[in-house]
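Heads up: the protein sequence lines correspond to chains F and A, in order.
Residue numbering for the first sequence follows this note's numbering, starting at 25 and increasing by one per position.
Residue numbering for the second sequence follows this note's numbering, starting at 25 and increasing by one per position.
Protein chains: 2
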Amino acid sequence: MEFINDPKQYTDTVELVKNSVGQEVTFRGTVHRVRDMSDFAFLIVRTERGLVQCTFQGDTLGDIQRADVKDAMVVEVTGKVHEEPRAEHGVEVVLSRISILARPYDQLPVPLGKKYMGLSLDVDLPLRPVTLRHPIKQAVFRVQGAIADGFAEYMLSQGFTHIHTPKIVSAGAEGGANIFKLDYFGQQAYLAQSPQFYKQYTAGVFGRVFEIGNVYRAERHNTSRHLNEYIGLDFEMAYIDSMYDVMQMETGMLKYVLNYVKEHCPEELALLKADIPEIKEIPSIRFHEAKEIMESKFGHKSKNRYDLNPDEEVMLCDWAKQEHGSEFVFVTHFPSSKRPFYAMDDPDDKKLALSFDLLFRGLEITTGGQRIHDYQEQIDKLAERNMNAELFESFTMLHKYGMPPHGGLGIGLERLTMQLLKLANVRDASMFPRDMNRLEP
Amino acid sequence: MEFINDPKQYTDTVELVKNSVGQEVTFRGTVHRVRDMSDFAFLIVRTERGLVQCTFQGDTLGDIQRADVKDAMVVEVTGKVHEEPRAEHGVEVVLSRISILARPYDQLPVPLGKKYMGLSLDVDLPLRPVTLRHPIKQAVFRVQGAIADGFAEYMLSQGFTHIHTPKIVSAGAEGGANIFKLDYFGQQAYLAQSPQFYKQYTAGVFGRVFEIGNVYRAERHNTSRHLNEYIGLDFEMAYIDSMYDVMQMETGMLKYVLNYVKEHCPEELALLKADIPEIKEIPSIRFHEAKEIMESKFGHKSKNRYDLNPDEEVMLCDWAKQEHGSEFVFVTHFPSSKRPFYAMDDPDDKKLALSFDLLFRGLEITTGGQRIHDYQEQIDKLAERNMNAELFESFTMLHKYGMPPHGGLGIGLERLTMQLLKLANVRDASMFPRDMNRLEP
């Protein structure tokens with residue numbers, strides 16, 4: 025019988041060491057790299073948020089031989105902190121004690137201790153439990169965590185309620201065959217292609233909602249920009265005037281998130297040599313204008329009348345950067361036929377949907393828009409698309425019993441991370457990516 | 025071509041109205057209830073975070089007839105705010121203008137406007153997109169959102185990194201047959217029973233990690249405490265001395281979360297008449313002590329030598345409340361054979377695991393413990409359980425290349441919500457529950 029109380033006060037190890045010059049510190053970490061200098065050794069110790077340089081002087085410390093300390097050992101060390109401008113964070117710990125808490129059983133399969141590991145994805149991905157320990161990869165996913173945290177903080181500040189919704193569903197929201205199926209106690213079930221229905225349900229409840237959750241697309245695309253499971257940053261807001269309210273919310277959110285990342289991850293951004301854009305305002309063009317701009321400015325005759333091709337996304341971003349100094353550009357009023365059945369058509373031109381994409385550095389990172397809120401309009405749209413309204417009775421219940429005008433969007437967290445950090449492949453922006461060939465680790 | 029900038033400044037409607045006595049306000053909402061008083065009507069308008077009483081005086085306002093305003097209409101109203109102690113929030117808006125933004129197509133199928141709807145789950149669950157609009161249900165899920173938000177805020181303050189991991193996996197972490205299967209491009213895949221492997225991988229990377237994510241259990245239990253898909257609040261921490269570090273972290277977190285909920289949801293808690301416990305410290309007993317206490321204090325002879333039965337969880341909570349004034353109690357040192365293969369055995373008694381449950385108001389809400397970090401120990405444990413170590417090579421890679429002592433836990437968000445708000449059924453603590461018979465909405 026005992027009583028459990030609060031944890032010890034938390035102090036980040038790097039902060040502790042930086043603030044203890046002239047004093048003795050004790051901390052735990054993992055030996056990231058040993059550099060033996062004949063009469064002493066540098067031990068670079070990896071802690072939760074960064075590397076700390078230690079020196080092991082002489083041949084032994086207590087019962088530990090200098091020659092026995094190897095990469096990947098888990099240690100507790102004690103020593104006095106000295107200023108050392110050439111070391112990480114400008115400090116060095118001269119060890120007076122070391123103990124070994126855990127040992128590796130094999131040599132590291134990758135050069136974790138090197139500044140750049142230089143691994144191909146084929147080598148990197150199966151070894152992610154180990155390769156993620158490299159400071160550069162750590163930095164990428166700390167930034168990714170901060171993007172999601174900044175998103176949540178902004179949404180909460182704007183009166184949004186944080187929702188958590190099921191991913192096993194009875195029908196796909198986005199249509200098409202790109203959906204994973206599973207057997208659910210004898211019933212056919214699917215993995216959610218988006219939280220769309222649930223966002224709309226709850227926008228009718230809380231007015232403003234957001235979710236950070238897993239999203240599934242069974243797409244047979246093996247490209248540098250597709251994942252089959254990814255993290256969606258989603259929001260939905262009711263009582264809007266138009267989809268421009270949604271686009272403004274995204275603009276405000278992105279400004280906030282980029283500042284949040286700069287504030288919370290300065291060392292990570294420096295290590296990654298990240299170039300974080302300043303957003304003032306984001307240019308917005310209509311789909312047909314986008315096609316015209318590409319023709320007039322770049323002599324590009326588009327063959328895709330319903331969507332933007334990847335090379336066109338690049339072209340439009342180049343234009344926005346050159347003409348308006350913006351790394352982001354909204355494209356609105358896409359042809360209705362290629363947008364989902366819940367998208368509202370433009371009352372001025374029914375062939376166009378009140379929907380938009382946001383492009384960032386040459387890649388679509390968001391799809392959003394205004395949704396149909398009128399029951400008859402939604403029923404008619406289902407009929408127009410030859411969809412069986414009976415299968416969507418739970419969904420259209422929303423409209424039947426009164427629904428405010430509303431809209432929202434979804435952002436792919438991995439794509440946003442990839443573009444922000446200029447990574448070459450979306451698999452570099454997912455810790456444990458799921459693609460057509462990869463289910464492990 | 026336009027430029028998109030920040031959204032309008034957000035003000036919660038209830039706050040706006042409360043702070044505008046003597047002034048005119050304009051806002052949007054949904055007619056929650058109309059009470060016609062022969063020469064005027066009360067319109068109770070539901071806004072994002074609460075009800076606002078409006079009065080419609082006379083027969084018409086502009087071109088809107090008083091008699092035409094019905095429940096579930098979406099409206100924009102303008103009027104002067106007066107003090108009115110009998111109304112919600114002590115204020116009332118005397119309307120000078122009303123416009124209708126959207127209309128329902130049918131009468132509400134449930135008495136949303138009543139203080140208590142009094143629905144059975146059979147009626148309630150299929151209509152959740154509508155029944156969630158009731159203020160009491162809104163309040164439950166706002167509190168649930170705040171629990172998760174408070175959890176994240178605390179974890180971030182303690183140096184934890186927020187992770188987002190895949191739920192389509194190649195092997196179950198918790199063993200047994202209670203796992204959903206799916207076809208993944210021709211490969212057999214599963215839905216994650218917990219983020220266990222991923223938490224351990226990333227604890228080796230970031231030291232401290234947490235996740236808020238969907239968890240899947242294909243259990244054929246149709247009880248008031250089981251869901252087949254739920255939200256897990258999970259954390260994992262490295263460089264620990266023992267599992268007591270994890271229990272302390274949970275204690276600190278729960279104190280923080282309960283304060284967060286009190287601060288962010290005062291009106292919701294009042295509406296729900298919630299009784300939020302004060303945590304000072306949490307008593308902790310060993311499994312064998314728990315069995316002894318039940319026998320000596322309650323004359324209960326347990327037949328379950330490996331776990332706690334539901335009635336025993338209730339009994340132990342009664343004891344903790346009576347003897348120690350605590351609504352929470354930790355139980356530690358469960359028999360190893362019923363704990364997962366990644367749990368560390370007690371070196372003093374290999375038949376016991378260094379693992380614990382946390383019980384709250386008669387229900388287990390957490391399972392946690394220290395994990396094996398030594399490679400050989402993990403390999404031996406797999407062999408002991410007749411598990412094929414080759415299938416777990418991605419997992420044991422963790423241990424092979426050096427892993428600090430670590431531990432963690434998982435909390436069921438719905439169970440915590442249910443117990444905190446004293447709800448009768450876990451389905452009352454899940455917006456869109458998934459059980460053996462329910463895949464919709």
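Even for Gly, the Cβ is constructed at its ideal location relative to N, Cα and C.
Close-in-space but distant-in-sequence residues of the same chain around residue i (CB under 6 Å, 5 per side omitted)
i      : result
A:Y399 : H423 and K424
F:C289 : R166, V167 and A170
A:K374 : none
F:V466 : The structure shown does not extend to residue 466 of chain F, since chain F spans only 25 to 465, so no value can be given for it.
F:A501 : Nothing about residue 501 of chain F can be reported from this structure: the residues present for chain F run from 25 to 465 only.
Buried versus exposed, by CB contacts within 10 Å (16 or more), residue i
i      : result
F:H312 : exposed
F:P219 : buried
F:V270 : buried
A:H397 : buried
A:G200 : exposed
A:D95  : buried
A:V49  : buried
A:N238 : buried
A:L415 : exposed
Member of the options whose CA lies at the smallest distance from the CA of residue i
i      : options                          : result
F:N554 : F:T84, F:L383 and F:N238         : Since the first residue shown for chain F is 25 and the last is 465, residue 554 of chain F is missing from the structure and cannot be characterised.
F:A262 : A:D63, A:P109 and A:A126         : A:A126
A:E112 : A:E291, A:Q224, A:D92 and A:V270 : A:E291
A:V8   : A:R73, A:I203 and A:S123         : The structure shown does not extend to residue 8 of chain A, since chain A is modelled only from 25 through 465, so no value can be given for it.
A:V55  : A:A197, A:G137 and A:E388        : A:G137
F:M25  : A:N461, A:A314 and A:M61         : A:A314
F:R249 : F:V154, F:D130 and F:N449        : F:N449
A:R439 : A:M427, A:G86, A:G432 and A:M455 : A:M455
A:S62  : A:Q81, A:I187 and A:L145         : A:Q81
F:I203 : F:Y240, F:E235 and F:I435        : F:Y240
A:T247 : A:L156, A:A227 and A:L145        : A:L145
F:N29  : A:L406, A:L278 and A:L447        : A:L278
Cβ neighbours of residue i in the same chain (closer than 8 Å, five flanking residues each side left out)
i      : result
F:P190 : A216 and Y222
A:C78  : F66, L67, I68, V69, V101, G103, E116, V117, V118 and L119
A:D265 : P429
A:D207 : A213
A:M273 : Q182, F259 and M261
Beta-carbon proximity list for residue i, same chain, < 7 Å, skipping 5 on both sides
i      : result
F:L151 : P133 and V134
F:K362 : Y330 and D331
F:R458 : L251, N252 and E253
F:T84  : R90
F:T71  : T37, V38, F51 and G53
F:S308 : M271, F354 and T356
A:R385 : C341, E351 and Q443
9 Å Cβ cutoff, residue i in contact with chain F
i      : result
A:A176 : yes
A:D299 : no
A:Y140 : no
A:N252 : yes
A:H186 : yes
A:G200 : no
A:Y330 : no
Min CB distance residue i to chain A below 9 Å
i      : result
F:F365 : no
F:A96  : yes
F:P371 : no
F:N461 : yes
F:Y263 : yes
F:E302 : no
F:Q182 : yes
F:G228 : yes
F:H397 : yes
F:L132 : yes
Distance cut-off 8 Å: residue i Cβ against heavy atoms of the ligand NAP
i      : result
F:S320 : Of the ligands one can find in the structure shown there are none, so the ligand NAP has no counterpart to examine.
### Query
Counting pairs of beta carbons, one from the segment 294-312 of chain A and one from the segment 332-351 of chain A, are three or more of them closer than 8 Å?
In short, these stretches touch, since the Cβ pair count reaches three.
### Query
Do the segment 207-215 of chain F and the segment 267-283 of chain F meet, that is, are 3 or more Cβ pairs less than 8 Å apart?
Segments in contact, no.
### Message
I want to know whether the segment 31-50 of chain F touches the segment 178-188 of chain A - three or more CB-CB distances under 8 Å.
### Response
In short, these stretches touch, since the Cβ pair count reaches three.
### Query
Per the contact definition of three or more C-beta pairs closer than 8 Å, is the segment 172-181 of chain A in contact with the segment 434-443 of chain F?
Contact between the segment 434-443 of chain F and the segment 172-181 of chain A is absent: fewer than three C-beta pairs spanning the two stretches fall below 8 Å.
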